[in-house]
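Under this note's numbering, residues 2 to 188 are what the sequence shown spells out, in order.
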Amino acid sequence: MKYEAQEYNPLRITSLNHISIGCKSIDKSIDFYENVLGFFPVKRPRSFDFEGAWLFNYGVGIHLIQSEDPVNFPKVGHINPKDNHISFQCGSMEAVEAKLKQMGIEYVKGRVEEGGIHIDQVFFHDPDGTMIEICNCNVLPVVPLIASDKTIIDSSPCSNPNLESQQQQQQVHPSMTRTPSLVAIHS
């Protein structure tokens, strides 16, 4: 049986738009996502009836939502790479580690091996305990697990459907091209 494009992607999803993260302090979280991960604030609709902030970079948004009860917000636990997390690719793991050490951010290193390919990982928390991973995962090909009789829509390794859109947005908004403080310049 062959899959048509509509069946393979029944909701016709085109990309990841944003990730929402609850936080105790909007200001501390903005500072972290700007100065550690290289995101920048973007306009947020004024019609929201709760505090928050929107940030953007790398073709994805981070939507920060102020906790209604920051005093009872869950405490930051130990760094566990198996916890839910957001992962970003980088060009230099050495630069990531150096920056985290310089900023005094606690982290845990990991390494995955698959067929002679090594993926290096660094895990750390944002101010509210959301797990962040920085890796060189782009070295591992993305291999769809589908039967040989099914049509593959896009089998290119690590394809980025946001790339063209992000490049167009960078032409409109020059600050989107700045080099983030943590993620090294891609070679």
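Every residue gets a Cβ at the ideal spot worked out from N, C-alpha and C, and that includes glycine.
Return the chain-ordered list of same chain residues with a C-beta closer than 7 Å to the C-beta of residue i, the five sequence neighbours on each side being excluded.
i	result
G78	G130
H19	V61, G62, I63, H64
F33	D127, P128
Pull the bridge partners of residue i from the DSSP assignment, please.
i	result
P82	DSSP, once it has assigned bridges, lists no residue as partnering P82.
N190	The displayed coordinates of the chain run from 2 to 188. Any statement about residue 190 would go beyond what the structure contains.
M132	H86, H126
Q67	C24
F40	F40 is not bridged to any residue.
Among the residues of its own chain, which have a CB less than 8 Å from the CB of residue i, if the five just before and after it don't count?
i	result
S99	The sequence shown places Ala at residue 99, rather than the Ser named in the question. Once the five neighbours on either side are set aside, A99 has no close Cβ partner at all.
I27	E52, G53, A54, L65, Q67
I87	I20, T131, M132, I133, E134
Near residue i, which residues of its chain fall below 6 Å by C-beta distance, leaving aside the five closest residues on each side in sequence?
i	result
P11	none
L164	Because the pLDDT of L164 is 42, which lies under 50, any placement of that residue in the model is unreliable, and the number read from its coordinates should be weighed accordingly. Excluding residues within five positions, none has a Cβ falling inside 6 Å.
Q82	Note that residue 82 is Pro in the sequence shown here, rather than Gln. Only G111, F124 meet the Cβ criterion.
L101	Y108
P181	Annotation note: pLDDT 34 at P181 (below 50); position unreliable, coordinate value reported separately. Only G39 meet the Cβ criterion.
At what residues does the beta strand (DSSP E) containing residue i begin and finish?
i	result
D121	118-126
E115	109-115
I20	19-24
Identify the continuous alpha helix (DSSP H) that holds residue i and give its terminal residues.
i	result
S48	Note, S48: premise wrong, no alpha helix (DSSP H); not H, not E.
I27	27-36
K102	94-104
Any Cβ of chain D within less than 8 Å of the Cβ of residue i?
i	result
V140	No chain D is present in this structure, which holds just one protein chain.
Assuming residue i contacts residue j under a Cβ cut-off of 8 Å, what Cβ separation, rounded to an integer in Å, is found between them?
i	j	result
V43	L56	7 Å
M104	V37	7 Å
I268	V109	The structure shown does not extend to residue 268, since the chain spans only 2 to 188, so no value can be given for it.
I120	C138	5 Å
Use the C-beta contact count for residue i: other C-beta atoms within 10 angstroms, 16 or more gives buried, fewer gives exposed.
i	result
N58	buried
D127	buried
V113	exposed
E95	exposed
S30	buried
Taking only heavy atoms of the ligand PLP into account, decide whether any of them is closer than 7 Å to the Cβ of residue i.
i	result
P145	This structure lacks the ligand PLP; in fact it carries no ligand of any kind.
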